[in-house]
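Engineer: Quick one: the structure is below, and I'll ask about it shortly.
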Ligand code: SF4
Ligand code: SF4
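In my numbering, the protein residues as written are 251 to 341.
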């Protein structure tokens, strides 16, 4: 894959020159977003299901997977609670 996004989704990139086709990203993807193309290359076949969790990047023995965006958790207060509606939002 060359693109890091498909439509509205940020996606992992996989370097075809580094990939050994070991299948670890496929086996361990928690959302089953990965499958193989006809050449045995892993591909994000269900981009909407990719949680951008980084497991494939962490487990790839060849360093072939890259997630170029950093995921920053949102810590805005809940929208409602004992003290009433919150004013913070995540963007
Ligand atoms: S884990 Fe890495 S080397 Fe193995 S198939 Fe996936 S991208 Fe290729
Ligand atoms: S980032 Fe997570 S959900 Fe997306 S393909 Fe990799 S392991 Fe699967």
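Idealized CB from N, CA, C, for every residue including glycine. Treat the numbers as computed from the prediction; the structure is a model and nothing was measured.
So if DSSP puts residue 284 in a beta bridge, which residue, or which two residues, is it bridged to?
Structural biologist: Working through the chain shown from its first residue, we reach residue 284 at position 34. Its beta-bridge partners are 294.
Engineer: How would you label residue 314, buried or exposed, when you count the other beta carbons within 10 angstroms and need 16 or more for buried?
Structural biologist: Here the question's residue 314 lines up with position 64 in the chain shown. So residue 314 ends up on the buried side.
Engineer: Is it the case that the CB of residue 302 approaches a heavy atom of ligand 4 more closely than 8 Å?
Structural biologist: No copy of ligand 4 occurs in the structure displayed; its ligands are ligand 1 and ligand 2 alone.
Engineer: Tell me the rounded alpha-carbon separation between residue 302 and residue 284.
Structural biologist: Residue numbering aside, residue 302 sits at position 52 when the chain shown is read from its first letter. Residue numbering aside, residue 284 sits at position 34 when the chain shown is read from its first letter. Roughly 12 Å separates the two Cα atoms.
Engineer: Rounded to whole angstroms, what is the Cα-Cα separation between residue 299 and residue 293?
Structural biologist: As a position in the chain shown, residue 299 is number 49, starting the count at 1. As a position in the chain shown, residue 293 is number 43, starting the count at 1. If you take the alpha carbons of residue 299 and residue 293, they lie about 13 Å apart.
Engineer: Give me, in chain order, the residues of the same chain whose beta-carbon lies closer than 8 Å to that of residue 291; leave out the 5 immediate sequence neighbours on both sides.
Structural biologist: By 1-based counting over the chain shown, the position of residue 291 is 41. Residues 264, 266, 269 and 271 of the same chain have their beta carbon placed closer than 8 Å to that of residue 291, with the five preceding and five following residues left out of the count.
Engineer: With 16 as the cutoff for other CB atoms within 10 Å, does residue 324 come out buried or exposed?
Structural biologist: Within the chain shown, residue 324 is the residue found at index 74, counting from 1. The residue in question, residue 324, is exposed, as its Cβ has fewer than 16 Cβ neighbours within 10 Å.
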